[in-house]
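In the order they appear, the protein sequences are chains A and B. Residue numbering for the first sequence is 0 to 259, as defined by numbering that gives the first Met the number 0. Residue numbering for the second sequence is 0 to 259, as defined by numbering that gives the first Met the number 0. Backbone N, C-alpha and C fix where the C-beta goes; we use that ideal spot for every residue, glycine too.
There are 2 protein chains.
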Amino acid sequence: MTISAHTTAPKKTAPNKTPSPCDNKLLNILPKEVFDRMKPNLELVSMPLGKVIYESGVELENIYFPLPGCIVSMLYVLNDGSSAEIAVVGKEGMVGIALFMGGDTTPSRAIVQSAGQAYILKSSYMKDEFSRHTQLQTLFLRYTQALITQMTQTAVCNRHHTVQQQLCRWLLLSLDRLPNNELTMTQELIANMLGVRREGVTEAACKLQAQGLIRYSRGHITILDRPGLEKNVCECYAVVKKEYDRLLVEKIPSMQSARK
Amino acid sequence: MTISAHTTAPKKTAPNKTPSPCDNKLLNILPKEVFDRMKPNLELVSMPLGKVIYESGVELENIYFPLPGCIVSMLYVLNDGSSAEIAVVGKEGMVGIALFMGGDTTPSRAIVQSAGQAYILKSSYMKDEFSRHTQLQTLFLRYTQALITQMTQTAVCNRHHTVQQQLCRWLLLSLDRLPNNELTMTQELIANMLGVRREGVTEAACKLQAQGLIRYSRGHITILDRPGLEKNVCECYAVVKKEYDRLLVEKIPSMQSARK
DNA sequence: ATTTCTATGTGCGGTATCGAACAGACGGTA
DNA sequence: TACCGTCTGTTCGATACCGCACATAGAAAT
């Protein structure tokens, strides 16, 4: 039930090249002048597996921009201890939108699902910057809309699709945020994320393995055939991906519609 | 499957008192000077049952502020025609957040679930006002966060709770947005919203009726025992309600943290 | 009154998932 | 090498929901 944070020290998977804020897509597509002003305030932090970024109802102190390989899962934990993933955030986005949305807290929890690094910005600086600069605001709100799409599609998927389809979606979402084809993740944890039984994940994973799409071994999954996964996944994955691609572009269309 | 829009003309349930923008909570808690400036641009429109406010992927032209009794359902329609409700919006909110979030469209559809009236604002005016006035922006973003909570809780509820629990949640959500205890809604339509079979709704509704909580008859549901419904509902309802209450208040806490 | 249509109630077999119990398998540690 | 904890695979009965078919009951129309 509890997320066992046995904090696997990054061994072979940590390439020694120095990270750059540009490795986060959101930071990368910020207009240059905004980015340059923000850069000195960015701080690089380590994101160990299982680390709780924020807890339900607790005020956020930073906003996080994960780097490739780092994935943060937003999930809701019910009174009986069962949980369900609401959205995942990786190198394409940020964690902590409640800061600039004005609520400061959310009823959900954010937890590191795949270890890595992230850049952070202090809450106060973030709020200030957000209220003052239209370009940053525009981009962050567009990102929020993309995130909303992921959340709503999760709702739809939970209602209508099988565990196997959802597992495929989950694997593809993860894959998109990782630098290679391997993810470190037990079936137990995946089950927590999807809000299903561990056995259900085992069964679905076995079927995928039998098809030669993935290889599974004690907490390590290797994706062997991505196109094959995409044949098994429900339409939800593509809907979300399309929205991310549409909304998160460098040149934001019609930004001048907001009259100065 | 299709929403049969037989457009019941508002008979007895339409009180003849003239509507006011203040009947919409969001408009009501806007700071006076913002509201006064906006007022001449608000236009009252009729919202007949089944009317499609916006369609998946089609650019929005107006933002809608429903009045008491009017409920708009946001739902996603899958390729196979089945659907699932993502959120409902009534007198406490607005329809069309994608306008100021920057995406202009969403993959979902918005449809009038309970007939009534709404005030609308033209897209261009709305965008302009949003980018220029911090107070309005702050409130609308807080509303958006509340809406996000409703969406995510829908995802959780879809995963973990029974049809009966979800029906209770749905009835309470509707009730909160209506002026009386009666809602006009067939089981078929409710089933479309919840994304379950009509028979499933029948069964759940029968149980509630047997408990004396509701009375059901050919498209008319009367809530007889609201506290009784609240005993049957899952925790999801309260979580969402609490967030709406927290986020949508007249005096927004720490709004001055956004330095002028 | 009769017809027609729509909404609701019911029954039945099929399926996906659950909950629980347990066996095997791999990897790290002693 | 032997042990032990964790991860994975499998089984089994129970349950919730599905898909379908059909019966009944109101309401509206003729």
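Burial state of residue i (16 or more Cβ within 10 Å)
i	result
residue 60 of chain B	exposed
residue 260 of chain A	No answer is possible for residue 260 of chain A: it lies beyond the span of chain A, which begins at 0 and ends at 259.
residue 256 of chain B	Summary for residue 256 of chain B: the model assigns pLDDT 40, below 50, so the residue's position carries little reliability; its value from the coordinates is reported in the next sentence. When all chains shown are included, residue 256 of chain B counts as exposed.
residue 83 of chain A	buried
residue 1 of chain B	In this prediction, residue 1 of chain B scores a pLDDT of 39, lower than 50, which makes its location untrustworthy; no coordinate-derived value is stated.
residue 179 of chain B	exposed
residue 153 of chain A	buried
residue 216 of chain B	exposed
residue 42 of chain B	exposed
residue 90 of chain B	buried
residue 79 of chain B	exposed
residue 250 of chain A	exposed
residue 67 of chain B	buried
residue 131 of chain B	exposed
residue 148 of chain A	buried
Chain B residues whose Cβ lies nearer than 7 Å to that of residue i
i	result
residue 158 of chain A	83, 157 and 194
residue 246 of chain A	102
residue 144 of chain A	97, 100, 101 and 102
residue 242 of chain A	106
Contact set between residue i and chain A, taken where Cβ atoms lie within less than 8 Å
i	result
residue 234 of chain B	77 and 78
residue 150 of chain B	147, 150, 151 and 154
residue 137 of chain B	101
Under the three-state DSSP convention, the category residue i falls into
i	result
residue 19 of chain B	coil
residue 247 of chain A	coil
residue 238 of chain A	helix
residue 195 of chain B	coil
residue 210 of chain B	coil
residue 39 of chain A	helix
residue 176 of chain A	coil
residue 46 of chain A	strand
residue 68 of chain B	coil
residue 29 of chain B	coil
residue 90 of chain B	coil
residue 135 of chain B	helix
residue 147 of chain B	helix
residue 232 of chain A	coil
residue 104 of chain B	coil
residue 189 of chain B	helix
residue 161 of chain B	coil
residue 277 of chain B	As shown, chain B starts at 0 and ends at 259. That puts residue 277 of chain B outside it, with no answer to give.
For residue i: DSSP bridge partner residues
i	result
residue 183 of chain A	A:219
residue 200 of chain A	Bridge partners of residue 200 of chain A: none, in fact.
residue 115 of chain A	A:46
residue 168 of chain B	Beta-bridge pairing links residue 168 of chain B to no other residue.
residue 120 of chain B	B:62
residue 75 of chain B	B:83
residue 109 of chain B	B:53 and B:73
Within chain A, partners of residue i - CB distance below 9 Å
i	result
residue 238 of chain B	75 and 106
residue 141 of chain B	100, 101 and 102
Closer than 6 Å: residue i CB and nearest the ligand HEM heavy atom
i	result
residue 68 of chain B	As presented, the structure is devoid of all ligands, the ligand HEM included, so that no description of it is given.
task = Please determine if the segment 190-198 of chain B and the segment 136-144 of chain B are in contact, where contact requires at least 3 C-beta pairs separated by less than 8 Å.
result = Flag = no, the segment 190-198 of chain B and the segment 136-144 of chain B do not touch.
inquiry  = Would you call the segment 108-119 of chain B in contact with the segment 173-192 of chain A, where contact means no fewer than 3 C-beta pairs closer than 8 Å?
reply    = Taking a cut-off of 8 Å on C-beta distances, the segment 108-119 of chain B does not touch the segment 173-192 of chain A, as fewer than three cross pairs fall below it.
request  = Taking 8 Å as the threshold, find out whether the segment 200-217 of chain B comes into contact with the segment 124-142 of chain B through three or more Cβ pairs.
outcome  = Contact between the segment 200-217 of chain B and the segment 124-142 of chain B is absent: fewer than 3 CB-CB pairs across the two stretches fall below 8 Å.
key: Inter-stretch contact (C-beta, 8 Å, three-pair minimum) for the segment 62-77 of chain A and the segment 163-171 of chain A   = Output reads no: the segment 163-171 of chain A does not touch the segment 62-77 of chain A.
task = Take every Cβ of the segment 77-94 of chain A, pair it with every Cβ of the segment 236-243 of chain B, and state whether three or more of those distances are shorter than 8 Å.
result = Because the criterion of three Cβ pairs below 8 Å is not met, the segment 77-94 of chain A and the segment 236-243 of chain B do not touch.
message = With a threshold of 8 Å, are at least 3 pairs of Cβ atoms found where one atom belongs to the segment 20-39 of chain B and the other to the segment 117-124 of chain B?
response = Yes, the segment 20-39 of chain B is in contact with the segment 117-124 of chain B.
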